[in-house]
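Taking it in order: structure first as structure tokens, then the write-up.
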Amino acid sequence: MTRALVLGGGGPVGIAWEAGLIAGLAEGGVDLAAADYIVGTSAGSFVGSQLAMGKRAGDMAAAILAEADRPRPAAQASGERPTPAPNLGLLFQKMQEAASGERDPQAVRREIGAFALAAQTVDEPTFIRGFGRSLAEAQADEWPERDYACTAVDAETGEFVVWNAASKVGLARAVASSCSVPGVFPPITVGGRRYIDGGMRSATNADLAKGHDLVVILALRLAGADTAQPERLRSPLEAEIQTLKDAGARVELLTPDDASQAAFGPNLMDARVRPAAAQAGLTQGRALAEGLRAVWG
1462 MTRALVLGGG GPVGIAWEAG LIAGLAEGGV DLAAADYIVG TSAGSFVGSQ
1512 LAMGKRAGDM AAAILAEADR PRPAAQASGE RPTPAPNLGL LFQKMQEAAS
1562 GERDPQAVRR EIGAFALAAQ TVDEPTFIRG FGRSLAEAQA DEWPERDYAC
1612 TAVDAETGEF VVWNAASKVG LARAVASSCS VPGVFPPITV GGRRYIDGGM
1662 RSATNADLAK GHDLVVILAL RLAGADTAQP ERLRSPLEAE IQTLKDAGAR
1712 VELLTPDDAS QAAFGPNLMD ARVRPAAAQA GLTQGRALAE GLRAVWG
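For any residue, its number in this note's numbering is found by taking its place in the sequence shown, counting from 1, and adding 1461.
As structure tokens, this is what we get:
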């Protein structure tokens, strides 16, 4: 039996929850890091890269939990204006258009890419360096020996791409491109082209695991007043799951429980709630381990 692990997007908060959930499952004897194939999108690309390079989920979760004890940055000096938060209304609108199927998704992704290329963000080298430090500088230009892949989108053409060992792209740059949320982070240059978050095609891209016997998917669903939005964004995932099942796979979908949703708050980019999200994931993983252990083997 071949096993695949699919890790969906969800910003810094999603990274924390996924790390906690995987750590909690590992405590209960379910080692998702032992999957034959790991594929990540956006936040999931980061978590997946860590697992594929041999980092223990428990260590990842512990590091995030420790953030709760760090002192908060000092408030800005009087008279200084805080950097305004990016207006992501256009991005959300375009993501919903792409998910609805009412327009050509690649054409919509080209419009998202144009938005990303025009946005004022941190510079590209600074953004990439953060991933190099997280992976360990020595690993930043390597690729895991494990079968690992992450996703991105060409900012100019809207084409969906999958980075893997055959792509010959450094791991830090590949993961940075997968995490490049349009309007928040810079598009990443690979081979002379610019790439943005693979979540612009799908928050999970779970159909990439087609051909495996068992597929475990970690997918965040953000509750909110607009219940129609989560429904629209859920449709691509449901189609991906059906693709996997039609190919003969057993699919296990793991999503945040009520306690995890409460820990997230309304903004998955709010790094301040990462410790709470990691703890909620850890607790949920411990609770799920017994039921999943017989399936995972």
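C-beta atoms are modelled at their ideal positions from N, C-alpha and C, and glycine is treated no differently.
7 Å Cβ shell around residue i - same chain, five flanking residues per side excluded
i, result
"Arg-1747", "Gly-1485, Glu-1488 and Gly-1489"
"Val-1734", "Val-1474, Ala-1724, Phe-1725 and Gly-1726"
"Gly-1660", "Gly-1470, Thr-1502 and Ser-1503"
Cα-Cα separation, residue i to residue j
i, j, result
"Trp-1604", "Gly-1631", "7 Å"
"Leu-1551", "Ala-1577", "11 Å"
"Phe-1621", "Ala-1524", "32 Å"
"Ile-1573", "Gly-1672", "31 Å"
"Ala-1495", "Leu-1753", "14 Å"
"Glu-1558", "Gly-1653", "28 Å"
"Met-1462", "Asp-1674", "6 Å"
"Ala-1616", "Glu-1751", "43 Å"
"Val-1677", "Arg-1655", "31 Å"
"Gly-1562", "Lys-1555", "11 Å"
"Lys-1629", "Tyr-1498", "18 Å"
"Ser-1639", "Trp-1624", "9 Å"
"Asp-1608", "Gln-1511", "13 Å"
Those residues which DSSP pairs with residue i across a bridge
i, result
"Ala-1613", "Val-1622 and Asp-1658"
"Arg-1711", "Leu-1675"
"Gly-1501", "Leu-1468 and Cys-1611"
Simplified DSSP state of residue i, which is helix, strand or coil
i, result
"Val-1642", "coil"
"Pro-1482", "The sequence as given places Leu at residue 1482; Pro does not occur at that position. Reduced to three states, the DSSP call for Leu-1482 is helix."
"Ala-1465", "strand"
"Val-1651", "strand"
"Glu-1598", "helix"
"Ala-1741", "helix"
"Gly-1519", "helix"
"Val-1583", "coil"
"Lys-1555", "helix"
"Lys-1706", "helix"
"Ala-1732", "helix"
"Val-1756", "helix"
"Gly-1701", "Residue identity check: residue 1701 is Glu in the sequence provided, not Gly. Here Glu-1701 sits in helix by DSSP."
"Pro-1473", "helix"
"Pro-1566", "helix"
"Gly-1631", "coil"
"Glu-1603", "coil"
"Arg-1747", "helix"
"Arg-1695", "helix"
"Asp-1719", "helix"
Sequence-distant residues of the same chain with beta carbon closer than 6 Å to residue i, five excluded per side
i, result
"Ala-1741", "Ala-1720, Ser-1721 and Ala-1724"
"Gly-1471", "Ala-1504, Leu-1681 and Leu-1729"
"Ala-1664", "Gly-1469 and Gly-1470"
"Arg-1571", "Gly-1619"
"Ala-1708", "Lys-1671"
Sequence-distant residues of the same chain with beta carbon closer than 8 Å to residue i, five excluded per side
i, result
"Gly-1519", "Ala-1484, Ala-1487 and Glu-1488"
"Leu-1669", "Val-1467, Val-1500, Ala-1610, Thr-1612 and Val-1623"
Cβ of residue i within 9 Å of any chain C Cβ
i, result
"Arg-1594", "The question asks about chain C, but that chain is absent: this structure has only one protein chain."
Heavy atom of the ligand SAH within 8 Å of residue i beta-carbon
i, result
"Pro-1643", "What this structure holds is no ligand at all, so the ligand SAH is not there to describe."
task = Please confirm if the region 1642–1649 is in contact with the region 1590–1599, defined as three or more CB-CB distances below 8 Å between the two stretches.
result = They do not touch, by the three-pair rule.
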